[in-house]
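Novice: The structure's right below; bear with me while I get my questions together.
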Amino acid sequence: MRIFIIIKLTFLLFGVKVLAQHNVKEKQLTPFTIILNYGDESINSYKLRVFEKKKQLFAEIRNPENSPESKLNSIWTTKLDKRKIRECKNFIQVFKSLVKSDCELRTSALSDFTIYFPNDTLKLSTYCYWDNLDFFELRQSLFVEKFKEYERVKQEKINHINSLLKGKWYYNSPIKKLEEGDFLTLTKNNSSNYDSFWVFGNQNSFENSNNETINLKDSKDYQLDFDKDIYLNIEGGYITDKEGNIYVGNDGINFIIEKLSESELKLKVY
């Protein structure tokens, strides 16, 4: 019996030791900092840092000033759990393999990486295929809670803009064609004598009363979005003939909302 107990304890202690070694191995991640300059027509700079504090690993990212996410907060921080640590390890492994390979893809976009380790620096200045684990996917995975919060704040803002937009907006303009950079001001005045107006309704519905002024005859809906600006996009209109064929009735138009209150809407074509 004593021999059996000793053997059992030996295996138990051995198992605890192996488990402890496994846990230590899981937490081993060398701190690093990523600097990424990325873009095409405009270049954005991203900085992601993984660091250790009080024996815990954290990730911190500095969002570009003109990025949508910076509207929530320019710097995001998150504690790394086992899943996030594993994602970081996988990303570093893929990055190192790409540095050693000839992976350049033809594109006009700039993708300039530098990763700083305590005792090393790696650079990658070509656009590569990352096999579903590029920088932006890593960012999404590490800061998933922050992105959910951002989407919540974004939706709250869009709901508020929709509530202000809802109703009949009058304009009195001889403009038959709006071009990029043009401004259009509308007022919400139920006693107005103007015969030209737009109606923004429920579920993003849209109606234009006077197609002689601005032809949006067949446009039926609109969309809102924002990053550094707030965008109002009136969708293109479509018509269906007797045979069921669908044609473009009119092009849509895209605006930046310069000003929006309960009584005034100022738009700029972009």
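Under this note's numbering, the first residue of the sequence shown carries the number 2, and numbering increases by one thereafter.
Idealized CB from N, CA, C, for every residue including glycine.
Going by DSSP, which residues form a beta bridge with D222?
Specialist: Answer is S206, bridged to D222.
Novice: Beta-carbon separation of N211 and S220 under 8 Å?
Specialist: No; because the gap between Cβ atoms is not below 8 Å, this pair is not in contact.
Novice: From L268 to C129, what does the alpha carbon distance come to, in whole angstroms?
Specialist: Cα to Cα, L268 sits roughly 40 Å from C129.
Novice: When you compare only the Cα positions, how much space is there between N64 and W77?
Specialist: Using only the alpha carbons, I get a separation of about 8 Å.
Novice: Could you check whether G168 and K189 sit closer than 8 Å to each other, using their CB atoms as the reference points?
Specialist: For K189 and G168, yes; Cβs fall inside 8 Å.
Novice: Could you check how far apart the C-beta atoms of G40 and L111 are, in whole angstroms? I think they sit under 8 Å.
Specialist: Contact holds; Cβ gap of about 6 Å.
Novice: Since I247 and D230 are thought to touch, with beta carbons under 8 Å apart, how far apart are those beta carbons, to the nearest angstrom?
Specialist: Contact flag wrong, Cβ pair sits at about 32 Å.
Novice: Between N160, R84, R50 and K55, which lies nearest to D226 when the distance is taken from Cα to Cα?
Specialist: Comparing Cα positions, the closest option is N160.
Novice: Mind checking who N45 pairs with in its DSSP beta bridge?
Specialist: Answer is Y39.
Novice: Taking a contact to mean a Cβ-Cβ separation below 8 Å, would you say K48 touches T34 in this structure?
Specialist: A contact, by the Cβ cut-off of 8 Å.
Novice: Express the C-alpha separation of V270 and G182 in angstroms, rounding to a whole number.
Specialist: Roughly 5 Å between the two C-alpha positions.
Novice: I need the straight-line Cα distance from L143 to E88, nearest angstrom please.
Specialist: Taking the straight line from one Cα to the other gives about 8 Å.
Novice: If I62 and R140 are in contact, beta carbons under 8 Å, what's the gap, nearest whole angstrom?
Specialist: So it is a contact: roughly 6 Å between Cβ atoms.
Novice: What does a CB cutoff of less than 8 Å around F207 pick up in its chain, not counting 5 residues either side in sequence?
Specialist: These residues qualify, in order along the chain: W199, V200, F201, L217, S220, K221, D222, Y223, I235 and E236.
Novice: Whose C-alpha, out of Y232, L233 and D252, is nearest the C-alpha of I240?
Specialist: Nearest option by C-alpha distance: D252.
Novice: Grab the span of the beta strand (DSSP E) containing I257 for me, first residue to last.
Specialist: Here the beta strand (DSSP E) through I257 covers I254 to L261.
Novice: Which runs of the alpha helix (DSSP H) at least 4 residues long sit entirely within the segment 139-177? Give them in chain order.
Specialist: The qualifying runs are 145-166.
Novice: Report the rounded CA-to-CA distance for N133 versus K155, giving the unit in angstroms.
Specialist: N133 and K155: Cα-Cα distance of roughly 26 Å.
Novice: K260 to N45, Cα distance in whole Å?
Specialist: Rounded to whole angstroms, K260 to N45 spans 27 Å at the Cα level.
Novice: Does K80 come out as helix, strand or coil in the three-state DSSP assignment?
Specialist: Strand, per DSSP.
Novice: Quick check on G245: buried or exposed, where buried means 16 or more other Cβ atoms within 10 Å of its Cβ?
Specialist: With fewer than 16 other Cβ atoms within 10 Å, it is exposed.
Novice: What's the C-alpha gap between L99 and K80?
Specialist: In a straight line, the C-alpha of L99 is about 27 Å away from that of K80.
Novice: Quick check: the Cα distance between K178 and F184, rounded to an integer number of angstroms?
Specialist: For K178 and F184, the distance between alpha carbons rounds to 11 Å.
Novice: Mind checking who W199 pairs with in its DSSP beta bridge?
Specialist: Looking at the DSSP assignment, W199 forms a beta bridge with W170 and N209.
Novice: Please report how far the alpha carbon of I116 lies from the alpha carbon of I86, in whole angstroms.
Specialist: Whole-angstrom Cα-Cα distance: 16 Å.
Novice: One question on the structure: do D113 and N38 come within less than 8 Å of each other, judged by their Cβ atoms?
Specialist: A contact, by the Cβ cut-off of 8 Å.
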